[in-house]
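This report refers to the structure that appears directly beneath it.
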Amino acid sequence: MNALTVLLKREYWEHKGAIFYTPAIMAGVFATLMILAGITGDTAISVNHNEDFHFADHLPKLVEQFESMSEVEKRQGVQAGLYGTLMFFGGIMLLISLFYCLGCLYDERKDRSILFWKSMPVSDTKTVLSKFATVCLLIPVSYFIVVTAFQIYMLLFTTVLAWIGGSWGTMIWASSNLFSVMFNGLMSMLMAMLWLSPFWAWLIFASSWAKKVAFMWGALPIIMLTIAEGWVFKSSNFIEMLAMRVANTFTIMNSNLHFTTHKEVFDLDVMRWYEVFGNSEFWIGLVVAGVFLSGAIYTRSIRNET
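Written out as structure tokens, the structure reads:
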């Protein structure tokens, strides 16, 4: 267990830019844009060339409208804004995870650092499992921390606007149900990443034996199988299954937003994060992931160079 913890720390420090700095910088940019929008929004904006609109002048009216809403409408409005941050940050998290998996075993062979790591008393099994744990645990937890910080910033920013509009802003925090939002957000991100476990495991496997351009070796077999199925069976079940798997990842990650606003997500059946455990496809995916990870462990044990 100590060896796995050390390996996870190694992954974090080697990929700190993608795991932490990327979402942190994005959050900082959005936070700055919100401040700039608040500053410039108070300037006069010409409407129909004969009327000036001042955002600050309309804040009291907006606050009054919010306070006149029912408790349910307040919760929906505030929590929808908080859950909405998962849509963007979650998409970036998936993209970062894709490139991480493709390079995690390929890069160490490319720069020959694998020779150093193999000289250490750490098995190939633990090394590969640490890569898998990074994408399924470390990355979503890191992004969750940044998302949570940004959500709190959003609440503080909105509270300041409420003060300007003549309200204490306490109804914003009361409607946020922040701890519930945080818990559901974390679990949704973790379960979404586990739902994609066969994809991550396949990419790690491809990274373990790719000679050049790991992305090509990860995508080419999928493309070939899709073409072969279409040519032989005149069907596209394989690629449709993969597409549905990816689409369901977004429904799991954004299920909280769906059940808050009652809006459809890609017009698909939406699973809450805890409903994933009762889905047979989830467990089958874990078995498939185990097979690919076993292949990656074996391949790493016999290959030291690209």
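Residue numbering for the sequence shown is 234 to 539, as defined by our numbering.
Cβ atoms here follow ideal geometry from the backbone N, Cα and C, with glycine treated the same way.
Quick caveat, the model's predicted, so the values are computed rather than measured.
| query | result |
| --- | --- |
| Is the Cβ-Cβ distance between A434 and S440 less than 7 Å? | no |
| Less than 8 Å between the CB atoms is what I'm expecting for Y245 and M326, so what's the real figure, rounded? | About 15 Å; that fails the 8 Å criterion. |
| Using DSSP with H/G/I as helix, E/B as strand and the rest coil, what is P354? | coil |
| Decide yes or no for the touch test of the region 254-272 against the region 375-393: beta carbon pairs closer than 8 Å, at least 3 of them. | yes |
| Skipping 5 residues on each side, what residues in its chain have a beta carbon closer than 7 Å to that of A443? | Y339 and W450 |
| With a threshold of 16 other CB atoms inside 10 Å of the CB of M457, please say whether the residue is buried or exposed. | exposed |
| Taking 7 Å as the cut-off, decide whether the C-beta atoms of S409 and V311 are in contact. | yes |
| Using only alpha-carbon positions, find the residue among G418, L394 and V355 that is nearest to A313. | G418 |
| For my contact list, I372 and S330 are in at a C-beta cut-off of 8 Å; report their separation, rounded to the angstrom. | 6 Å |
| Can you tell me where the alpha helix (DSSP H) with C334 in it begins and where it stops? | E304 to G336 |
| Which residue from S430, P431, M426 and F383 puts its Cα closest to that of V262? | F383 |
| Just mark F321 as buried or exposed, buried being the case when its beta carbon has 16 or more other beta carbons within 10 Å. | exposed |
| Compare the C-alpha of F510 against each of L237, T358 and M424 and name the closest. | M424 |
| Check each candidate in F466, S363 and C369 and name the one with the smallest Cα separation from A529. | S363 |
| Output the distance between the C-alpha atoms of L319 and M486, rounded to the nearest integer angstrom. | 7 Å |
| Ignoring anything shorter than 3 residues or poking outside the region 235-279, list the beta strand (DSSP E) runs there in chain order. | none |
| Quick check: the Cα distance between F412 and E306, rounded to an integer number of angstroms? | 19 Å |
| If you draw a straight line from the C-alpha of L429 to the C-alpha of I517, how long is it? | 11 Å |
| Which stretch, first to last residue, makes up the alpha helix (DSSP H) that contains M404? | T403 to S409 |
| Considering only C-alpha positions, which residue in the set F332, P454 and P431 is nearest to E514? | P431 |
| Determine the direct distance from the alpha carbon of I347 to that of I535, and round the result to whole angstroms. | 12 Å |
| Taking 7 Å as the threshold (C-beta atoms), are A236 and V355 in contact? | yes |
| Measuring alpha carbon to alpha carbon, tell me which residue in L315, V479, S303 and T459 is nearest T381. | L315 |
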